[in-house]
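Structure, as structure tokens:
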Amino acid sequence: MDCRTAEDLMAGLIDDELSPGHHALLEEHLQHCSACSELLSQLAAQPLAPPPMPPMGEDFWSKMDRVLVDEIEQSQRDVDTAQDAPPAPKWRPSPALIFYAATLMLALGWGLYSNQQLQISQEETSMLRDALDRERRLSVQPASVPVRLPGSGYQFANHTPSRGTF
Amino acid sequence: MSANLKLVAPAHASTWNDDEIKTLSHENRRMAMEMVVQKYRDRLFYHAVYIVKDWEEAYDAVQEVFIRAIREKRFFNEDFRIKAWLYRVTSNLCFNLVRNRKRRGAILESVPREESFAPDQIEQVFASERQSEVLQAIDQMTNDHKEILLLRYYNDLSYAEISGVLDIKLGTVMSRLSRARCRLLEVMEDNTEMRAF
Numbered sequence: 196m197d198c199r200t201a202e203d204l205m206a207g208l209i210d211d212e213l214s215p216g217h218h219a220l221l222e223e224h225l226q227h228c229s230a231c232s233e234l235l236s237q238l239a240a241q242p243l244a245p246p247p248m249p250p251m252g253e254d255f256w257s258k259m260d261r262v263l264v265d266e267i268e269q270s271q272r273d274v275d276t277a278q279d280a281p282p283a284p285k286w287r288p289s290p291a292l293i294f295y296a297a298t299l300m301l302a303l304g305w306g307l308y309s310n311q312q313l314q315i316s317q318e319e320t321s322m323l324r325d326a327l328d329r330e331r332r333l334s335v336q337p338a339s340v341p342v343r344l345p346g347s348g349y350q351f352a353n354h355t356p357s358r359g360t361f
Numbered sequence: 674m675s676a677n678l679k680l681v682a683p684a685h686a687s688t689w690n691d692d693e694i695k696t697l698s699h700e701n702r703r704m705a706m707e708m709v710v711q712k713y714r715d716r717l718f719y720h721a722v723y724i725v726k727d728w729e730e731a732y733d734a735v736q737e738v739f740i741r742a743i744r745e746k747r748f749f750n751e752d753f754r755i756k757a758w759l760y761r762v763t764s765n766l767c768f769n770l771v772r773n774r775k776r777r778g779a780i781l782e783s784v785p786r787e788e789s790f791a792p793d794q795i796e797q798v799f800a801s802e803r804q805s806e807v808l809q810a811i812d813q814m815t816n817d818h819k820e821i822l823l824l825r826y827y828n829d830l831s832y833a834e835i836s837g838v839l840d841i842k843l844g845t846v847m848s849r850l851s852r853a854r855c856r857l858l859e860v861m862e863d864n865t866e867m868r869a870f
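Respectively, the protein sequence lines represent chains A and B.
At position 148 of the first sequence (counting the first as 1) the number is 343 in this note's numbering, and the numbers step up by one without a gap.
At position 138 of the second sequence (counting the first as 1) the number is 811 in this note's numbering, and the numbers step up by one without a gap.
Structure, rendered in structure tokens:
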């Protein structure tokens, strides 16, 4: 055991709160360490005792008694009130509330259904628009196609391929 | 009229242990609470006096502790540690009072302090020169050291009870007490040198 550990156990030795194992270890250390023995004797000599308290007068606690009795009675009343109070009635919804709740649920359901339909129609519109764009791209005509011109061997002529040509 | 306002618990409340008081509370909570007040208020009051060094503030602090105890719903529960709770709340309240007083001190330093309602009693407590020296030295220590020394040597709590009050392990109680006593030795030596100088 080192001196630091021995110091931590000294109060336990003085107050007789040390386990037998620690007691033996500390005693063994103290036999070899004069510094710790000296410290222990100094600590044991400390005048740590409560000073005698003056006796309380007969009415010393009377002010506190009044306050505490009031508080205890109030607390007792609270407990009694809580015990005597009838059990809280079970809550039942009124017919009007049921009607409003049902209406609200229907409105919510209709709103969700409408929203879903709107999304479907938007998707369909988008698909149709894409198909139309594809159609237009296929039917576009080139600006000019070289054709054979008299004398030059080549001439420009419009060329319009029709569907089903390929 | 004042007789009706007195607490009615028997004077031998201090001989009842906390478990017996808890059992009594099942039949008569009011009587059990009065037993607790009768049993602990002197000790808590002295504990408060050592910390706040003011009769009136200590009195108010103890009253507040018992009001909190009365309002505490779990107070008589099986696993509730009455003694530890009472000391813990008293210590906290008193250290807060001292802390607030120190804060106010800077502002009110120049204003003469009003006398407490029983200055003679306070003087009597700290009358013995040797005890006064020790208490003065304890007052100069950190709150941790001050509290553990007061609980052990001025309120006679066992290590197990201190462990419950401070919510620390038994080994920590022992080492903190040892260090507090070593520190007390140093502070008292310093104070003696200062006086000699």
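Beta carbons: idealized from backbone N, C-alpha and C, even for Gly.
- Message: Does A:Ile293 pass the burial test, meaning 16 or more other C-beta atoms within 10 Å, or should it be called exposed?
- Response: With a 10 Å radius around the Cβ and a threshold of 16 neighbouring Cβ atoms, A:Ile293 comes out exposed.
- Any C-beta of chain B under 9 Å from that of A:Pro246: Interface residue, yes.
- Query: By DSSP, does A:Met251 sit in helix, in strand, or in coil?
  - Reply: Three-state DSSP puts A:Met251 in coil, outside helix and strand.
- Compare the Cα-Cα distances from B:Phe749 to each of B:His699, B:Arg761, B:Glu737 and report the closest residue. Of the candidates B:His699, B:Arg761, B:Glu737, the one whose C-alpha sits nearest the C-alpha of B:Phe749 is B:His699.
- Task: Find the residues of chain A that neighbour B:Val807, judging by a C-beta separation of less than 7 Å, and give them in chain order.
- Result: Within chain A, the residues near B:Val807 are Pro242, Leu243.
- Query: Of the residues B:Lys726, B:Asp727, B:Leu759, which one's Cα is nearest the Cα of B:Leu830?
  - Reply: Looking at the Cα atoms, B:Leu759 is the closest of the given residues.
- Using the C-alpha atoms, what's the distance from B:Met861 back to B:Ile811? Approximately 9 Å between the Cα atoms of the pair.
- Query: In the segment 297–325 of chain A, which residues sit with their C-beta less than 7 Å from some C-beta in chain B, listed in chain order?
  - Reply: For the segment 297–325 of chain A, which is checked against every Cβ of chain B, not one residue is closer than 7 Å.
- Query: DSSP state of B:Met814, grouped into three classes?
  - Reply: In this structure, B:Met814 counts as coil in the three-state DSSP scheme.
- Message: Using 8 Å for Cβ pairs, my map puts B:Cys767 next to B:Ile724. What's the rounded Cβ distance?
- Response: About 4 Å separates the beta carbon of B:Cys767 from that of B:Ile724, a gap short enough to meet the 8 Å contact definition.
- Residues from the segment 843–867 of chain B in contact with chain A, defined by Cβ distance under 9 Å: The residues in question are Leu843, Gly844, Val846, Met847, Ser848, Arg849, Leu850, Ser851, Arg852, Ala853, Arg854, Cys855, Leu857, Leu858, Met861.
- Query: Cβ of A:Gly216 less than 9 Å from any chain B Cβ?
  - Reply: With its beta carbon at least 9 Å from every one in chain B, A:Gly216 lies outside the interface.
- Any C-beta of chain B under 9 Å from that of A:Glu223: The C-beta of A:Glu223 comes no closer than 9 Å to any C-beta of chain B.
- Straight-line gap, B:Met867 to B:Lys695 (C-alpha atoms, nearest Å): Cα to Cα, the separation comes out at about 51 Å.
- Message: At 3 residues or longer, what runs of the beta strand (DSSP E) sit wholly inside the segment 236–296 of chain A?
- Response: Correct list: empty.
- Task: Report the neighbours of A:Ala280 on chain B: residues whose CB is nearer than 7 Å to its CB, in chain order.
- Result: Correct list: empty, because the minimum Cβ distance to chain B is about 17 Å.
- Query: Hey, quick one: how far does the alpha helix (DSSP H) through B:Tyr947 stretch, first residue to last?
  - Reply: Any property of residue 947 of chain B remains undetermined from this structure, which presents chain B solely from 674 to 870.
- Note down the Cα distance separating A:Ala219 from A:His227, rounded to an integer number of angstroms. Here the alpha carbons of A:His227 and A:Ala219 stand approximately 13 Å from one another.
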